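The sequence shown lines up with residues -16 to -1, 1 to 431 when you count with mature numbering (1 follows the signal peptide of the UniProt record, and there is no 0).
Note sheet for the following structure.
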Amino acid sequence: MISLYALLVFIAAAEARYIFAHYMVGIVASYTASEWFNDILLAKNMGIDAFALNIGPSFLFSPLHHLIRACIGKDYWNDQQLGLAYSMAAQLGFKLFISFDFSYWNNGDVGAIASYMQRYGTLPAQLKVSADGSGPGDRIFVSTFVGDGFSWRAVEAQAGLGLFACPFWQPNSLANNSNADCGFMWNAWPSTNNQPIYANKTTDDDAYYLQMLAGKPYMAPVSPWFFTHYAADTWNKNWLFYSDYLWQARWEQILELQPPFAQILTWNDFGEANYIGPLHPNKKDVYAGASTGAVRWVTKISHDAWRDIAKPYIAAYKAGESTPTVTKEEFVFYYRPYPKDAQCSDPVPRPTGWQFVADAVFVVALLKTPGTVIITSGANVPVSVEAQAGIHTYSAPMALGKQRFQLVRGNVSVIDVAGPLQISTACNTYNFNAFVGAGFPPKGSVQ
């Protein structure tokens, strides 16, 4: 007898599949049209279908009883930035939808949220799906960060528009709730009660959400990393989820689950170090907290190459395949800039969960045929691994100094790349972010 979980996975595999990326509008107050254009083009080229535009309230749509809240610094830039985003997305044939952040919105904001739906939900770049979420249709896709129990049917009635609400609520809130047409899970990292644990991410939480949704569509999260390091007098966010093998392993789980929707967390949340979008070093506003915030653990720490890992998985996911196809050989390597026990001149202590991570360097090998992966970390003896074809993650113990990654086949060097960032113990910040880089065979070589 087939289990409910297996049946729901089978049903999901027969439907259209969408990939989204969570986009923090609240940190891009000074973005230009060209910056939106660039981000959207990068996302589209890797197979992403839409950005989930995370917003808080703004003065424009806040009713009178929220006037004070709006005037003390909430997202006054929403109208300008959403306008730019929807305009650039329309030019590029890309889709968008709004994800209302209920860390700031509340259940009394039905009217303001309905106004957003009327203003942006009817634009050409708005993502619309069918009533069951199985493909394109006329329902305006909308989501949230928390906001359990919010009345989306009341918003629908006030806006006079059909909505497809896929909020992130706790699973019990989704059960038998007509205000949710779909359910989204935010927990993309291994944790217990939102606390770091020493474990790899499993699909147990996905299975529970599927059970609570009882046949409604499910949106699964996928994320490469999580590290945040704000002082107690700022946001009191200082923790690290175990992410050593998370990115590639979680994509494997997405291919196993085949949910109708998957959302990458995130495109640009620099404050939580789970970004896969490009850095914007000339814009202080994107690094929340200015000189005391994410700029301390994000500056020159690129994550761009993580997009290269996602691309073949996205293609396989959309095709309903269980294994990605490597069309271009590549190494994607990542490592932290400092050992975990480095003594830094930092008034903020090490993040909760720091002890779980390995002092190691990692390489994700995207290979068409087998080869020998060689990792040389600092003065350590090189570590050689007989690598399989496909996409696999390998690691070696970390040492101070230069980091080198090689692929050899039959005594011929195919890839030989050095990480531009050296590992050291000279640090001002307990930085547990990951530097990500890439290496390729020489141009013109036969793969």
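Beta carbons are placed, not taken as given, at the ideal position from N, Cα and C, and that holds for glycine.
Please read these numbers as outputs of a predicted model, since none were measured by experiment.
- The three-state secondary structure of T276, taken from DSSP, is helix.
- Per the Cβ contact rule, the region 238 to 245 is in contact with the region 298 to 307 (3 or more Cβ pairs under 8 Å).
- Sixteen is the threshold: since fewer than 16 other Cβ atoms of the shown chains lie within 10 Å of the Cβ of P333, the residue is exposed.
- Boundaries cannot be given for N160, as no beta strand (DSSP E) includes it and DSSP labels it neither H nor E.
- Under the 10 Å beta carbon count, G403 is surrounded by 16 or more other beta carbons and is classified as buried.
- For M8, DSSP records a beta bridge to N38.
- The beta carbon of C150 sits closer than 8 Å to those of G117, F125, V126, S127, A164, D165, C166, G167, F168, P201, M203 and F245, all from its chain and outside the five residues before and after it, given in chain order.
- Annotation: D330 to N258 spans about 22 Å, alpha carbon to alpha carbon.
- In this structure R393 touches G355 by the C-beta definition: roughly 5 Å separates them, less than 8 Å.
- In this structure, the CA atom of A138 is about 40 Å from the CA atom of Y226.
- The continuous beta strand (DSSP E) containing K386 extends over residues G385 to R393.
- With a cutoff of 9 Å on beta-carbon distance, Y318 and F416 are scored as not near each other.
- As the crow flies, the alpha-carbon of S14 is around 43 Å from that of V357.
- Residue pairing from DSSP places Q110 in a beta bridge opposite L80.
- Your pair P208 and W290 checks out as a contact, with CB atoms roughly 5 Å apart and the cut at 8 Å.
- When the beta-carbon positions are compared, Q179 and V206 stay at least 9 Å from each other.
- One alpha carbon belongs to T276, the other to P308, and they sit about 40 Å apart.
- I359 is a Cβ neighbour of V347, given a cutoff of 9 Å.
- Rounded to the nearest whole angstrom, the C-alpha separation of F315 and Y100 is 43 Å.
- Residue environment: E370 is assigned as exposed (fewer than 16 neighbouring CB atoms within 10 Å of its CB, all protein chains considered).
- When S114, A109 and P243 are compared, the shortest CA-CA separation from S306 is found for P243.
- F86 and Q327 have their C-alpha atoms spaced approximately 38 Å apart.
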